[in-house]
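Presented below is the structure to which this report refers.
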Amino acid sequence: DVMKELLGLKDLEKKVKSLLPVEEVIIVAGDSDLSPWVKKEMGRACVACMKEKLSDQSIVAVTGGTTMAAVADMMMPDPKQHGILFVPARGGLGEHVENQANTICAKMAEKATGNYRLLHVPDHLSQEAYQSLIEEPAVKEVLQLIKSSNIVVHGIGDAITMAERRKTSREDMEKIKQRHAVAEAFGYYFNQAGEVVHKVQTIGIQLEDIKRVQHVIAVAGGASKAKAIKAYMKQAPRSILITDEGAARALTGEP
Ligand code: G3H
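Residues in the sequence shown are numbered from 25 upward in steps of one, following the numbering used here.
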């Protein structure tokens with residue numbers, strides 16, 4: 025569109041796309057680290073993108089975080105799309121309720137006048153609890169829906185920021201730091217090469233499952249996330265990246 029041409033964002037999108045192994049890049053003006061409304065703009069861009077990819081009966085898996093909350097805020101009903109089902113991508117990761125995937129999933133469904141199913145799983149699961157929970161019929165059913173999702177929409181965070189925000193144990197915190205984690209997405213922590221160095225024990229979608237999902241949309245912006253976006257995308261399943269000018273300029277090294 026005209027505005028994007030004027031701001032040079034189209035060129036920036038091309039540059040970012042040439043740097044990262046992604047399918048598509050969408051950039052909104054501004055830097056969400058500095059201006060909170062930029063996050064809403066990414067939310068708006070994400071909703072528009074989802075609208076293109078959604079069809080009747082689509083299953084959408086969503087993660088948590090403030091960026092995903094902004095996506096939920098911008099969600100609108102589409103009379104052409106019925107029967108869309110929203111599910112949380114993974115169980116609890118230690119976030120405050122407003123940042124939890126369950127909360128965001130329910131809000132998205134409400135705003136889109138779709139349906140939703142939730143995952144009622146505690147944040148810190150022992151191996152035994154995990155094994156018995158995944159055998160529960162109600163949990164199994166939702167897990168089945170999650171694994172058959174056609175669209176995954178997720179945030180990407182800076183590893184240390186995310187580990188600090190969540191109730192991460194001292195042990196795990198050490199591990200995350202020692203292994204030089206720089207990025208986080210769906211409870212997985214990645215180093216600069218995009219390798220998984222730590223994973224939060226919870227149920228739901230696994231990294232391998234995402235490779236089979238038709239459309240993967242990553243939404244993350246702010247100059248402070250450039251390093252995380254770059255690292256995560258190195259080995260990520262081919263995704264559509266929705267970001268902002270702040271992150272994009274930091275990524276390309278442009279002023
Ligand atoms: O799961 C959380 C994301 O990785 C990042 O969260 O959108 O609040 O920065 P955020």
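Think of the CB as a built atom: it goes at the ideal place given N, C-alpha and C, for glycine as much as any other residue.
Evaluate P112 with the Cβ neighbour count: other Cβ atoms within 10 Å of its Cβ, from every protein chain shown; 16 or more gives buried, anything less gives exposed.
buried
Can you tell which of T127, S156, V49 and A187 has its C-alpha closest to the C-alpha of K201?
A187
Any non-hydrogen atom of ligand 1 within 6 Å of G181 CB:
yes
If we count the other Cβ atoms within 10 Å of its Cβ and call it buried at 16 or more, is K104 buried or exposed?
Exposed: under 16 other Cβ atoms inside 10 Å.
Following the continuous beta strand (DSSP E) through E188, name the residue where it begins and the one where it ends.
Careful: E188 lies outside any beta strand (DSSP E), inside the alpha helix (DSSP H) at A183 to R189.
When the distance is taken between beta carbons, is G179 closer than 7 Å to T87?
yes
Does ligand 1 have even one heavy atom less than 6 Å from the beta-carbon of E208?
Yes; taking the cut-off as 6 Å, the Cβ of E208 has a heavy atom of ligand 1 nearer than that.
Report back the beta-carbon spacing between S42 and D268 to the nearest angstrom; my notes put them in contact at under 8 Å.
No, S42 and D268 are not in contact; Cβ-Cβ is about 18 Å, not under 8 Å.
Got a sec: does ligand 1 put a non-hydrogen atom nearer than 6 Å to the Cβ of G116?
no
Neighbour-count burial assignment, V224, 16 or more Cβ in a 10 Å radius:
buried
Which whole-angstrom value describes the C-beta separation of M92 and V177, a residue pair presumed to lie in contact below a C-beta threshold of 8 Å?
Contact holds; Cβ gap of about 7 Å.
Pairwise C-alpha distance: L149 and K135
Rounded to the nearest angstrom, the two C-alpha atoms are 31 Å apart.
For L58 and P161, what's the separation of their Cα atoms in angstroms?
46 Å
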